[in-house]
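Student: What follows is a single structure, and I will ask about it in a moment.
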Amino acid sequence: MLSRAVRAWVDKWVQEGLDGEEFDFQAAIGRQLPSVVFCKLIGEPLEMAPIYAQLAEDIMKHAQPPQPGFAEIIEKAAIEAELRMRQVIKDRRARPGDDLVSHMLIAEKAGEVDEDDIFHLVVTVLIGSTDTTDAQLCLNLAALSDNPSQWQVLRQNPELVPTAVMELIRFKPGVWTLSRSPLQDTVYRGINLTPDDAIWPLVFSANRDPLAFADPSRLDVTRAAGKTPLNFGTGIHMCLGRMITLLEQQEVLSSLLTHWSEFEVTDSEFQGAMYSTVATRMTTRFVPDVRLPSR
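Numbering (the UniProt record's numbering), first residue to last: 1 to 295.
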């Protein structure tokens with residue numbers, strides 16, 4: 001199962017950092033895990049993960065304020081990504097496996113999709129599941145560092161991890177907004193909207209709506225399930241990778257709760273893109289769990 005593989009990877013990386021005074025969370029887990037999972041999904045060797053992480057990072061520069069040289073970096077990464085993804089599709093045609101691309105090729109034989117559909121899906125998974133998951137993992141840790149009592153609640157009640165992850169993404173969403181358009185002319189609160197209009201709902205605002213969430217400015221890892229945070233969108237355009245990123249976040253949190261009795265973020269940096277957060281640095285100081293075997 002993917003969850004077991006994710007937990008094994010995270011446990012290994014966390015354990016490798018137990019002998020140090022500080023842990024470079026962003027480098028060891030935030031940046032590494034999503035691209036390793038991507039390789040697993042498409043059947044690529046896990047050693048390719050750093051290459052795909054860099055490609056996603058470079059392509060996603062299109063969502064950041066323009067800077068000199070960005071256009072060339074984005075174009076080069078997009079070309080390389082297409083070449084690599086087309087080759088992956090070709091390889092899976094010759095040697096099918098138990099992976100996303102091989103299963104999509106079965107759908108192609110049934111006439112449900114064509115190669116361009118497969119290519120665009122795989123690239124979407126690449127750029128939509130790496131930077132965003134990296135940022136959210138770091139934001140989750142930042143929120144818990146600022147609220148150490150909630151960390152201790154989870155230490156005493158690890159079964160709350162799935163609930164806690166949903167609360168963490170509500171409290172500190174990495175995605176700021178989503179683009180939508182009405183299907184037909186409509187009026188919303190006195191504003192005339194047409195299918196040609198672009199609407200940008202604010203995730204931060206929706207996730208702190210007191211009509212949807214009681215005491216919304218408080219992090220509460222025991223918060224009962226109710227309204228779903230807007231991070232992943234809704235309806236037919238809900239994020240396809242939702243369950244994968246939630247799985248990653250749950251396994252990371254579960255692993256850290258097992259290995260750290262307490263922690264604090266000692267250094268971090270986040271940058272803003274046009275519609276999401278980018279994590280560039282996060283270092284933590286931690287106290288190892290005394291129940292761990294001596295090293």
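Heads up, the beta-carbon is just placed ideally off N, CA and C, and yes, glycines get one too.
Using the rule of at least 16 other Cβ atoms within 10 Å of the residue's Cβ for burial, across every protein chain shown, is residue 260 buried or exposed?
Tutor: Buried is the call here.
Student: Are at least three pairs of beta-carbons, each pair with one atom in the region 56-67 and one in the region 118-137, less than 8 angstroms apart?
Tutor: Yes, the region 56-67 is in contact with the region 118-137.
Student: Measure the Cβ-Cβ separation of residue 256 and residue 164 and say whether it is below 8 angstroms.
Tutor: Their beta carbons are not under 8 angstroms apart, which means residue 256 does not touch residue 164 by this criterion.
Student: Is it right to say residue 166 is buried, meaning 16 or more other beta carbons lie within 10 angstroms of its own, or is it exposed?
Tutor: Buried is the call here.
Student: Which one or two residues does DSSP pair with residue 260 in a beta bridge?
Tutor: Paired residues: 288.
Student: Alpha carbon to alpha carbon, how far is residue 182 from residue 197?
Tutor: Cα-Cα distance, rounded: 7 angstroms.
Student: Report all residues from its chain with a CB closer than 6 angstroms to the CB of residue 90; omit the five preceding and five following residues, and keep chain order.
Tutor: Around residue 90: no qualifying Cβ.
Student: Buried or exposed, going by whether 16 or more other CB atoms sit within 10 Å of the CB of residue 42?
Tutor: Label assigned to residue 42: buried.
Student: I'd like the span of the alpha helix (DSSP H) that includes residue 89, first residue to last.
Tutor: Counting along the chain, the alpha helix (DSSP H) containing residue 89 begins and ends at 70-94.
Student: By DSSP, does residue 171 sit in helix, in strand, or in coil?
Tutor: Helix.
Student: Identify the continuous beta strand (DSSP E) that holds residue 16 and give its terminal residues.
Tutor: Where residue 16 is concerned, there is no enclosing beta strand (DSSP E), although the alpha helix (DSSP H) it sits in stretches over 2-16.
Student: So, with DSSP's three-state summary, where would you put residue 163?
Tutor: Three-state DSSP puts residue 163 in a helix.
Student: Put residue 186 into one of helix, strand or coil per three-state DSSP.
Tutor: Residue 186: strand per DSSP, three-state reduction.
Student: Nearest to residue 177 by CA position, among 272, 12, 262, 102, is which residue?
Tutor: The option with the nearest alpha carbon to residue 177 is 272.
Student: Residues bridged to residue 265 by DSSP?
Tutor: Its beta-bridge partners are 284.
Student: Spatial neighbours of residue 13 within its chain, please: C-beta separation below 6 angstroms, excluding the five flanking residues on both sides.
Tutor: Around residue 13: 28, 29.
Student: Do the region 117-127 and the region 78-96 touch if we need at least three Cβ pairs shorter than 8 angstroms?
Tutor: Touching, per the Cβ criterion.
Student: In whole angstroms, what separates the C-alpha of residue 142 from that of residue 265?
Tutor: C-alpha separation (whole angstroms): 6 angstroms.
Student: Go ahead and label residue 49 buried or exposed: buried means 16 or more other beta carbons lie within 10 angstroms of its beta carbon, across all protein chains shown.
Tutor: By the 10 Å Cβ count, residue 49 comes out buried.
Student: At a cut-off of 7 angstroms, would you count residue 238 as near the ligand NAD, judging by its Cβ distance to the nearest heavy atom?
Tutor: The ligand NAD is absent from the structure shown, which contains no ligand whatsoever.
Student: Determine the extent of the alpha helix (DSSP H) in which residue 24 is found, giving its start and end residues.
Tutor: Segment 22-24 is the beta strand (DSSP E) holding residue 24; no alpha helix (DSSP H) there.
Student: What separation, rounded to the nearest whole angstrom, lies between the Cα atoms of residue 79 and residue 215?
Tutor: Rounded to whole angstroms, residue 79 to residue 215 spans 47 angstroms at the Cα level.
Student: Could you check whether the region 167-176 touches the region 207-225, counting it as contact only if at least three pairs of C-beta atoms, one from each stretch, sit closer than 8 angstroms?
Tutor: With a cut-off of 8 angstroms, the region 207-225 and the region 167-176 count as touching, because enough Cβ pairs lie within range.
Student: Mind checking which residues open and close the alpha helix (DSSP H) that includes residue 154?
Tutor: Unbroken alpha helix (DSSP H) run through residue 154: 148-156.
Student: Suppose contacts are defined by Cβ-Cβ distances below 8 angstroms. Is residue 281 in contact with residue 22 by that definition?
Tutor: Cβ distance not < 8 angstroms, so residue 281 and residue 22 don't count as in contact.
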